[in-house]
Amino acid sequence: QVQLVQSGTEVKKPGASVKVSCKASGYTFSEFYIHWVRQAPGQGLQWMGWINVNTGDTDYAQRFQGRVTMTRDTSISAAYMELSRLRSDDTAVYYCARGGIYDYWGQGTLVTVSS
Amino acid sequence: DIVMTQSPLSLPVTPGEPASISCRSSQSLLDSDDGNTYLHWYLQKSGQSPQLLIYLGSSRASGVPDRFSGSGSGTDFTLKVSSVEAEDVGVYFCMQALQTPFTFGQGTKLEIK
Chain U
1 QVQLVQSGTE VKKPGASVKV SCKASGYTFS EFYIHWVRQA PGQGLQWMGW
51 INVNTGDTDY AQRFQGRVTM TRDTSISAAY MELSRLRSDD TAVYYCARGG
101 IYDYWGQGTL VTVSS
Chain B
116 DIVMTQSPLS LPVTPGEPAS ISCRSSQSLL DSDDGNTYLH WYLQKSGQSP
166 QLLIYLGSSR ASGVPDRFSG SGSGTDFTLK VSSVEAEDVG VYFCMQALQT
216 PFTFGQGTKL EIK
C-alpha cells in the first residue's frame with residue numbers, strides 16, 4: 001500500500017534550519033510530484049511548494065523563496081524539505097503529500113521554533 | 116493568488132441529516148486546456164493528516180463513502196453529505212490546484228449536535 005513516512009518531531013532555535021524527510025513506498029516514486037504543506041497550531045493549511053522527483057525541478061511559494069529548499073533522493077524514494085532562518089511563526093506541522101490531488105499524505109512532522 | 120472562501124465556518128449537524136459546505140474561488144478553476152476543474156475537497160479529523168474526499172470538483176476518491184458528493188463549476192462549489200454520521204466530524208477544506216501557489220479555504224468544522 002502507498003505510504004509516505006515522515007521524520008520525527010524537531011525543536012529548533014530561531015535562526016536555525018530544519019530538514020524534514022518524506023519516504024515513499026508502495027508506488028513508483030518517480031511518477032508523482034511531492035508537495036509540502038504546513039499547518040500552524042490551530043490554523044489552516046498553507047502550500048509551500050512542490051518538487052518534480054523525476055527531474056528535481058521545484059516551485060516554491062513566494063513567501064518561502066530564499067528560505068526553503070526541496071530535494072529528493074530517488075535511490076531511496078525520499079523527498080526532503082529544508083527551511084532555513086527559522087522564526088517562531090514557522091512553528092507548525094509540516095506535511096508531504098503526493099501528486100497534484102494529494103491522495104496520500106505523510107503523518108506530519110511537528111517543528112517547534114523556540115528560544 | 117487565488118483566494119478560497121468557505122462557508123459556513125462552523126456546521127453543527129444532527130446525525131442522519133444532510134450537510135452542505137460552500138467553497139468559492141476568486142477566479143475560475145476551469146483549465147480551458149484540458150477541461151478539468153481543479154478543485155479538491157479534504158477532511159481532517161482531529162489529530163490526523165487531511166484525507167482526500169473529492170477531486171476535480173466531483174470525483175469521489177477511492178474508499179470514500181457515496182454519501183459524500185461534490186458539485187459546482189467555475190468559481191462556486193459545494194460539498195454535500197447526504198446523511199451525516201458520527202465519523203464525519205472534523206474540518207473540511209477545499210483547495211484549488213489550478214495554479215501555484217495552491218490555496219486552501221479556511222476550513223469548515225463539522226460537529227455533531
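If you read the protein sequences in the order shown, they are chains U and B. Under my numbering, the first residue of the first sequence is numbered 1, with each subsequent residue one higher. Under my numbering, the first residue of the second sequence is numbered 116, with each subsequent residue one higher. Glycine is no exception: its CB is placed at the ideal position from the N, C-alpha and C atoms.
For B/A176, a Cβ of chain U is located within less than 9 Å of the residue's own Cβ. Within a 10 Å sphere around the beta-carbon of U/D90 sit 16 or more other beta-carbons, which makes this residue buried. Residues of the same chain with a CB within less than 7 Å of the CB of B/Y170, apart from the 5 flanking positions on each side, are H155 and A176 in chain order. DSSP places B/A201 in the helix class (H, G or I) of the three-state scheme. Residues of the same chain with a CB within less than 6 Å of the CB of U/I101, apart from the 5 flanking positions on each side, do not exist. Between B/S140 and B/T120, the CB-CB gap stays under 9 Å. In the DSSP secondary-structure assignment, U/Q39 is bridged to U/V93.
With a cutoff of 9 Å on beta-carbon distance, B/T193 and B/S137 are scored as near each other. For B/Q221, the C-beta contacts it makes with chain U under 8 Å involve G44, in order along the chain.
Cβ proximity to chain B below 9 Å picks out V93, Y95, A97, G100, I101, Y102, D103, Y104, W105 and G106 from the segment 86-106 of chain U. At a Cβ-Cβ threshold of 9 Å, B/G205 and B/G185 do not count as neighbours.
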